[in-house]
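For the sequence shown, counting from 1, position 506 maps to 558 in the numbering used here; every step adds exactly one.
By construction, the Cβ of each residue, glycine as well, lies at the ideal position given by its N, Cα and C atoms.
Beneath this line is the structure, given in structure tokens, with notes to follow.
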Amino acid sequence: MEFLREIKIIWKYLRGYKKEVYKFVFLSLASSIFLAIVPYIYGRLVDITQEGLSDLGIIFAVLGLWFSLNIIGVLLNLKSDQGTTFLGIDIYTDLICLASWHVSRLPISFHKAKKMGGIYSKIERAAHYIQTIVDEVLAWFLPQVLTAIIGIAILFTIEWKLALGAIFIVLGYFLIIIYKTPPIIKAQKNLNKVFESASGNLHDSIINTQTIKACTAEEFQKKMTREDYKEKAGNVLKNFNLLWISLDVWEKVFYSIGFIVVFGSGIWFLKIDGISVGEFIMFLGYLDLLHEPLTLLGYEWQIFRTGMTAIKRVEKLLEVKKENYNEKGIVLKDVKGEVEFRNVSFGYKKGKMILDEINLVANPGQKIALIGGSGEGKTTLVDLLSLYIIPNKGKIMIDGTDIRKLKLKNLRDNIAYVPQDIILFNNTIKNNIRLGKFSVSDEKIIEAVKAANADHFIEKFPKKYNQFVGERGIKLSAGQRQRIAIARALIREPKILILDEATSSLDVRTEKLVQEALDVLVKGRTTFIIAHRLSTIRNADKILVLKNGRIAEQGNHQELMEKQGEYYKLYSLQFSG
């Protein structure tokens, strides 16, 4: 049964707080019992006065009991509410931490295929709703339901026919909800998809504001946002709310009819002396206890259904297979940096290889340059080395060990990557440099910064190394971001470096200084350079020319120029005129 499966999902997040849950159940049950007895007490009080008993002691004793039960029930309820409020916050943060941790461990292919703004929206909505379910459905609504159930049970002791009337109202409500909610659930799923898509597009537009301004595309972006939210998401939300309004109308009409019938039955029983005046008032009190949970049943069911739709979308996200971190894998110590690709082939689709039968050996400390046209597999090759993607065929080895047998963290700890498009976190310069290596000393950071020729501009900032760089590093120039990334790579002290034209964003003077620093620092480290400007790789130990997914030729600059093959053509084309 789907409902039971959904309860299991909620329990998955609650079971870490069993003590708090048991405490909530006890307090809810206790407060429900106390509050359910209250109508019985004031009904009996009316009967006492009707029977002509004028002993004020008895009357005040009953009044005192009535007051005490009310106060105790309310206090227990407040204590329960406080506990579940804190529990809701704990579960909210648990879900966000769990989902974000899971997403961070998903393959790069997943991140390239999805809009991260949509993923963020999905996680945030699920966390919000699981907190709401705990706060409202469990903590607030469930005790009222318990009180109503106990009240109906007490009604059976007074007049079972009236109790059956109350049950008739309850069953009618449930039938309406069962009949009316399936189209609402379907609409909710569509609503989530539309809003996640719109949120993803909005996130993209905000983080790319500078590009939008540069292209004078503000009006276009305004139109797209309006289309996403006003026309698509807005209309879907309106239709969704109409379905809930329809359910609400059905509930209210049914309750009004049911109440009139049951109330009329109570008057009839009173008239034929089937019940006393006190019992009739008691009956009205229990109908009142029943009224609030029933009138809110549709609303609470809406919260639960809406919430479960959002939560199940995150549960589906949590089912996406993570990277194999191989926690029990081999840990290489004293890595030398020998890298070998042996008959390596890779393609996203069967029969369409991006890289085919790649064979290469990089000895420790060698500089390997990768060149070729766009889409020839240069980035794919280095992604394979870091196991961001897995070869379809062949194997890659570091110091003679298949990298798939290594503990993934150990593999990536020995590789530093400086991409061409640098993304920094909205944090301090220091924290961006020591990302993943937070125990590194300030002296090491300064040493790396000087080697990357970044100390000059950092020292000019008011807060120096504690200067915040803005979202994605927007407060820094492209060249400054590039040098921060180089310092970040150097601080890791890897045995293998991957440089995607690491000096491409620097001015001529700074490029020369950084290139000289890199020439010293790559010694003893195997370095793969994805080259876009051939002038930067003339001193590489080995140059690989990739074409049609294969290594068309390889050798050093002099050897390849003498061959007058693919490298010679590319070099001549780049430096002609």
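Boundaries of the beta strand (DSSP E) around asparagine 395: 391-398. According to the DSSP assignment, lysine 447 belongs to the beta strand (DSSP E) that extends over 445-450. A contact between stretches requires three or more CB pairs, one per stretch, nearer than 8 Å, and the region 503-521 meets this requirement with the region 472-489. Burial of phenylalanine 321 is indicated by the presence of at least 16 other C-beta atoms within 10 angstroms of its C-beta. For glutamine 606, the three-state secondary structure derived from DSSP is strand. Positions of the alpha helix (DSSP H) runs, each at least 4 residues long and wholly inside the region 441-519, are given as 460-465, 481-485, 494-503 and 507-512 in order along the chain. Excluding sequence positions up to five before and after isoleucine 219, its CB lies within less than 8 Å of the CB of Ile204, all in the same chain and listed in chain order.
Annotation: the continuous alpha helix (DSSP H) that includes isoleucine 543 extends over 530-543.
If you look at lysine 304, you'll find it in the alpha helix (DSSP H) that goes 286-323. Note on valine 372: under 16 other CB atoms within 10 angstroms of its CB, so exposed under the neighbour-count rule.
A check of alpha carbon separations from lysine 71 across Val98, Gly135 and Leu243 identifies Gly135 as the nearest. In the DSSP assignment, no residue is bridged to isoleucine 201.
Residues Ser397, Gly601 and Arg602 of the same chain have their beta carbon placed closer than 7 Å to that of aspartate 408, with the five preceding and five following residues left out of the count. Bridge partners of lysine 564 according to DSSP: none are assigned. By the C-beta criterion, the region 67-82 is judged to be in contact with the region 183-200, since at least 3 inter-stretch pairs fall below 8 Å.
In this structure, DSSP gives lysine 164 a helical state, which the three-state scheme calls helix. One thing to note: aspartate 280 has its Cβ within 7 Å of the Cβ of alanine 250. Here alanine 113 is exposed: its Cβ has fewer than 16 other Cβ atoms, across all protein chains shown, within 10 Å. Counting only the Cα atoms, lysine 245 lies some 17 Å from arginine 278.
Closest option to phenylalanine 272, judged by alpha-carbon separation, among Glu283, Ser257, Leu56 and Ala285: Ser257.
Under DSSP, threonine 579 takes part in a beta bridge, and its partners are Lys419 and Leu549. Contact annotation, glutamate 367 with isoleucine 61: C-beta distance approximately 6 Å; criterion of less than 8 Å satisfied.
Cα atoms of aspartate 571 and histidine 584: separation of roughly 18 Å, rounded to the nearest angstrom.
Between isoleucine 210 and isoleucine 327 the beta-carbon gap is near 7 Å, inside 8 Å, which marks them as a contact.
Classified as exposed, tryptophan 153 has fewer than 16 neighbouring CB atoms from the shown chains inside 10 Å of its CB. Annotation for glutamate 523: no alpha helix (DSSP H) segment contains it, and DSSP assigns it neither H nor E. Measuring C-alpha to C-alpha distances from lysine 164 to each of Leu586, Ile450 and Tyr440 identifies Tyr440 as the nearest.
Around alanine 541, the same chain offers Ala468 and Val470 as residues with beta carbons nearer than 6 Å, after the five sequence neighbours per side are excluded. If you ignore the 5 residues before and after tyrosine 377, its C-beta comes within less than 8 Å of the C-beta of Arg157, Lys459, Leu460 and Lys461, all in its own chain and listed in chain order. Pairing leucine 66 with glycine 125 gives a Cβ-Cβ distance that is not under 7 Å. In its chain, beyond the 5 residues on either side, Ile382 and Leu384 have a beta carbon closer than 7 Å to the beta carbon of threonine 453.
In this structure the region 354-362 does not touch the region 413-426; the number of beta carbon pairs closer than 8 Å is below three. In this structure the region 430-449 does not lie against the region 607-623, because fewer than three pairs of beta carbons, one per stretch, are closer than 8 Å. About 7 Å separates the beta carbon of tyrosine 225 from that of phenylalanine 306, a gap short enough to meet the 8 Å contact definition. Residue burial annotation: glycine 576 is exposed, with fewer than 16 other C-beta atoms found within 10 angstroms of its C-beta.
Counting along the chain, no beta strand (DSSP E) covers aspartate 435; the unbroken alpha helix (DSSP H) around it starts and ends at 430-437.
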